[in-house]
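Before any comments, here is the structure.
In the UniProt record's numbering, the protein residues as written are 1 to 517.
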């Protein structure tokens, strides 16, 4: 009798989830209809993106990956989920990236609460601001190139002494050092000086701190009520290492002295206007303190959050630009030719401003790297609003003959797309596994859809707040790599760079290596 009373509710639950609930028409594995454990498991072990991609290949562009979760593989779903009318609200899982009791600009679920902070700092990311302070980034790039030359020289000297081949250079560590220097110099008004650290054989001092936050991504998709106890247990079983503690302390020692309460009697808007009239620079932290009017404690958390994001993602993307240029010397040579010709044209014209240089191939290299690097490979979850959402799929069929199909997704359903699948779609990006910058310059019937489906920074009002800064760093650094010729004769170690597919990807082995013959 007890067994019967246990079996009946279970049988009803299975029947309901499989045949009767509002999401039952959407295809997907049986286990995903019944429990979110499938996605939690693959998120934890770090192969979720490719597993979801495999589900799309089997079931089609609309797939159920949880009792209340659906993922899409069609660019047509991007706008309604992420941008139209402000897009759907972020899923509760983002709160798992709150820090020390504070919501960050990234993790904040409340658009109004977030806007108070994001609007205060947005002027720093405008095109005009980036242009006016390009010299700050260029100074960091000069140090980056010098540091790269030093590491190449050390590798060659060691090879000469030992009679062996030159040791590989870890360009991920070096790129992280540059990215941290750039974001701290530009936003905070003071460089972390990562490129000045003696780290040819040891990681950047902030790397353990950054990697520790990256590892939280294995639990990202847990609901907050489970994340808190699960993550607490994980920390007890695997407490922070001494290296991680020292790294976090090093970052704190850098940020704390930069937080100074305003002493001006002017109101925030008047103070900001006066700064602009004087042509002065108002830092990220000052804007948060004076314009957003948040506490020094929260200000430090917001600074650390942008340090993490600016170091990890931009560092990985720059290292992959270097890796791709070393793997494809023909592309590097073509890049050098474009930059050289643009410089000659600029010097012979009435204007010498580098801002006016047209470098389409360079920009294509950056875009193609962001398509393939998968620095943020997995899904960006959102919640269907109270009125529900009707989605018409233009190709909801796994057969060779696409058919239009309409789905209704009830309120509270978690919906998303993932860059891994969008960026690997052979219909939009032919031969998606190939690194081919030319695809962005050629006339193609899918050109408009390529731009639509290219989402390395997300999409809509909640996309990466620092995307313009990140792109500026990558473009200027790539140009410097071409002008300096520092990658001539370089080759890659290995055939590909593999990543652990957490929310922020982690490079397997922790190194992206190239060597000079």
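Each residue gets a CB set at the ideal place from its N, CA and C atoms; glycine is no exception.
Inset, instruction - May I have the straight-line CA-CA distance separating residue 398 from residue 413, to the nearest angstrom? - result: Note on residue 398: pLDDT 47, under 50, position unreliable in the model; the coordinate value appears next. Spanning the two alpha carbons is a distance of roughly 23 Å.
Inset, instruction - Using beta-carbon positions only, say whether residue 467 and residue 75 come within less than 8 Å of one another. - result: Not closer than 8 Å, so no.
Legend entry - Local Cβ density within 10 Å of residue 241, reported as buried at 16 or more and exposed below that: Exposed.
Inset, instruction - Identify, in the order they occur along the chain, each residue of the same chain with its Cβ nearer than 7 Å to the Cβ of residue 227, setting aside the five sequence neighbours on each side. - result: Excluding residues within five positions, the ones whose Cβ falls inside 7 Å are 96, 219.
Inset, instruction - Using the DSSP secondary-structure output, state which residues sit across from residue 72 in a beta bridge. - result: DSSP output for residue 72 lists 62, 417 as bridge partner(s).
Legend entry - residue 492: first and last residue of the uninterrupted beta strand (DSSP E) it sits in: Note, residue 492: beta strand (DSSP E), 490 to 492.
Inset, instruction - Give the DSSP bridge partners of residue 513, in chain order. - result: Beta-bridge pairing by DSSP links residue 513 to 170.
Inset, instruction - Within its chain, find whatever has a CB closer than 6 Å to the CB of residue 111; leave out the 5 residues flanking it on each side and keep chain order. - result: Same-chain partners within the cutoff: there are none.
Legend entry - Reduced DSSP secondary structure (H/G/I, E/B, other) of residue 310: The answer is helix: DSSP assigns residue 310 an H, G or I state.
Inset, instruction - Return the bridge partner residues of residue 458 from the DSSP annotation. - result: DSSP lists 456 as partners of residue 458.
Inset, instruction - Taking residue 390 as part of the beta strand (DSSP E), name the residues at either end of that continuous run. - result: Start and end: 389 to 393.
Inset, instruction - Whole angstroms is fine: what's the gap from residue 30's alpha carbon to residue 455's? - result: The straight-line gap from Cα to Cα measures roughly 30 Å.
Inset, instruction - Could you work out which residue in 223, 300, 222 is closest to residue 251 when comparing CA atoms only? - result: Residue 251 has its Cα closest to that of 300, out of 223, 300, 222.
Inset, instruction - Helix, strand or coil for residue 225, going by three-state DSSP, please let me know. - result: In the structure shown, residue 225 falls within a helical segment according to DSSP collapsed to helix, strand and coil.
Inset, instruction - May I ask you to report which of helix, strand or coil DSSP gives residue 109? - result: Three-state result, residue 109: coil.
Legend entry - Start and end residues, alpha helix (DSSP H) containing residue 41: Note, residue 41: alpha helix (DSSP H), 37 to 45.
Legend entry - Assigned exposure category for residue 33 - 16 Cβ within 10 Å defines buried: So residue 33 counts as buried.
Legend entry - Rounded C-alpha distance that separates residue 357 from residue 148: Taking the straight line joining both Cα atoms gives about 25 Å.
Inset, instruction - Compute the beta-carbon to beta-carbon distance between residue 209 and residue 166, rounded to the nearest angstrom, for a pair I have assumed lies under 8 Å. - result: The pair is not a contact, with the Cβ atoms about 30 Å apart (cut-off 8 Å).
Legend entry - Length at least 4, wholly inside the stretch 174 to 241: the alpha helix (DSSP H) runs in chain order: Segments of the alpha helix (DSSP H) lying fully in the stretch 174 to 241: 207 to 216, 224 to 237.
Inset, instruction - May I ask you to verify whether the stretch 432 to 447 touches the stretch 92 to 107, counting CB pairs closer than 8 Å and requiring at least 3? - result: Short answer: they don't touch.
Legend entry - C-alpha gap between residue 457 and residue 375, whole angstroms: Answer to the nearest angstrom: the Cα atoms are 10 Å apart.
Legend entry - Neighbour-count burial assignment, residue 297, 16 or more Cβ in a 10 Å radius: Of the other Cβ atoms in all chains shown, fewer than 16 fall within 10 Å of the Cβ of residue 297; this residue is therefore exposed.
Legend entry - Distance between beta carbons of residue 383 and residue 487, contact taken as under 8 Å: Not really, about 45 Å apart at Cβ, beyond 8 Å.
Inset, instruction - Over the uninterrupted beta strand (DSSP E) stretch that includes residue 284, give me the two end residues. - result: Note, residue 284: premise wrong, no beta strand (DSSP E); alpha helix (DSSP H) at 284 to 290.
Legend entry - C-beta contact flag for residue 492 and residue 514 at 8 Å: Their beta carbons are under 8 Å apart, which means residue 492 touches residue 514 by this criterion.
Inset, instruction - Starting from residue 158, follow the alpha helix (DSSP H) in both directions and report where the run begins and ends. - result: Residues 134 to 162.
Inset, instruction - Can you tell me which of 9, 60, 36 puts its alpha carbon nearest to the alpha carbon of residue 394? - result: Shortest Cα-Cα distance from residue 394 to any of 9, 60, 36 involves 60.
Legend entry - Cβ neighbour criterion (16 or more within 10 Å) applied to residue 253: With fewer than 16 other CB atoms across the displayed protein chains lying within 10 angstroms of its CB, residue 253 is exposed.
Legend entry - Coarse secondary structure for residue 497, derived from DSSP in three states: In the three-state DSSP reduction, residue 497 falls in the coil class, being neither helix nor strand.
Inset, instruction - Please report the residue range of the beta strand (DSSP E) in which residue 406 lies. - result: Where residue 406 is concerned, the enclosing beta strand (DSSP E) stretches over 405 to 409.
Legend entry - Counterpart residues of residue 90 in DSSP-defined beta bridges: Answer is 382.
Legend entry - Residues of its chain near residue 9, where Cβ-Cβ distance is below 7 Å and the 5 sequence neighbours each way are ignored: For residue 9, where only same-chain residues beyond five positions count, there are no Cβ hits under 7 Å.
Legend entry - Status (buried if at least 16 other CB within 10 Å, exposed otherwise) for residue 274: In this prediction, residue 274 scores a pLDDT of 43, lower than 50, which makes its location untrustworthy; no coordinate-derived value is stated.
Inset, instruction - Find out if the Cβ-Cβ distance for the pair residue 470, residue 313 is shorter than 8 Å. - result: Yes, the Cβ-Cβ distance between residue 470 and residue 313 is below 8 Å.
Legend entry - Opening and closing residue of the alpha helix (DSSP H) in which residue 361 lies: Membership of residue 361 in the alpha helix (DSSP H) is indicated by the continuous run 360 to 373.
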